[in-house]
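Here's what the structure looks like:
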């Protein structure tokens, strides 16, 4: 394609959706990298033993694997947008509940769900953005979304380090991850599927 390919991401009614994808990727990767880096430290600061804190990290990643598989299957059946918004809202609720120090069994369950609805959600988001753009700018769309998202991934560990240095409450630490989930959910909700490549393909098939 001649010219500057990124400009194509903002043509044919895709401006709002492109910006919303970027926001969603930024927030998802912020949560993903922040939790993966600092969860043991956060839980240790809340009074949990080191062994338990490391178990939380294992459960977070196991939940991510499960969430990616289940989320992908559900997205194929019900649509990526609907599943992503649902998962991110669940992620917001789950991370908020974690801040109230539930029982150990419930804590394990909530952390696994948090992994499935944050890191797992990011995998489904990758597929969603790749389907949104036409073939000729698909790589550009995915590349830019991931590039913007990586900025969130870079900022998250530093931001969490500042939070820990401030010695804030467990509620504040988890809200720092819960709020980006709800922002990402709102961004995904605002994506306009009527301008997507899939919609265009369906309309072409009807005309044939």
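In the numbering used here, the protein residues as written are -15 to 192.
In this text, a Cβ means the ideal position worked out from N, Cα and C, and glycines have one as well.
Shorter than 8 Å from the beta carbon of residue i to some beta carbon of chain C?
i	result
residue 157	Judged by its chain identifiers, the structure shown contains no chain C, having just a single protein chain.
Measuring CA to CA, which of the options is closest to residue i?
i	options	result
residue 141	-6, 36, 20, -1	20
residue 169	146, 114, 106	106
residue 174	-6, 51, 8	8
residue 150	53, 90, 29	29
residue 26	57, 95, 108, 66	95
residue 57	80, 144, 118, 108	108
residue 104	22, 44, -4	44
residue 60	50, 2, 126, 112	112
residue 37	2, 88, 54	88
residue 51	63, 75, 156	75
residue 147	163, 157, 53	157
residue 15	117, 138, 86	138
residue 31	-11, 78, 85	85
residue 181	63, 120, 162, 115	115
Under three-state DSSP, which class holds residue i?
i	result
residue 41	helix
residue 174	coil
residue 57	helix
residue 152	coil
residue 191	Bear in mind that the predicted position of residue 191 carries a pLDDT of just 43, short of 50, making it too unreliable to give a figure here.
residue 33	coil
residue -4	coil
residue 63	coil
residue 123	helix
Does the separation of the CB atoms of residue i and residue j fall below 8 Å?
i	j	result
residue 83	residue 154	yes
residue 18	residue 165	no
residue 13	residue 40	no
residue 66	residue 179	no
residue 136	residue 10	yes
residue 125	residue -7	yes
residue 80	residue 159	yes
residue 163	residue -11	no
Between which two residues does the alpha helix (DSSP H) harbouring residue i extend?
i	result
residue 114	88 to 116
residue 84	No alpha helix (DSSP H) contains residue 84, which DSSP labels as neither H nor E.
residue -10	Counting along the chain, residue -10 falls outside any alpha helix (DSSP H), and DSSP gives it neither H nor E.
residue 17	-1 to 29
- Stretch pair the segment 120 to 132 + the segment 85 to 93: three plus CB contacts closer than 8 Å: no
- Message: Pairs of beta-carbons, one from the segment 97 to 117 and one from the segment 66 to 73, closer than 8 Å: are there three or more?
- Response: yes
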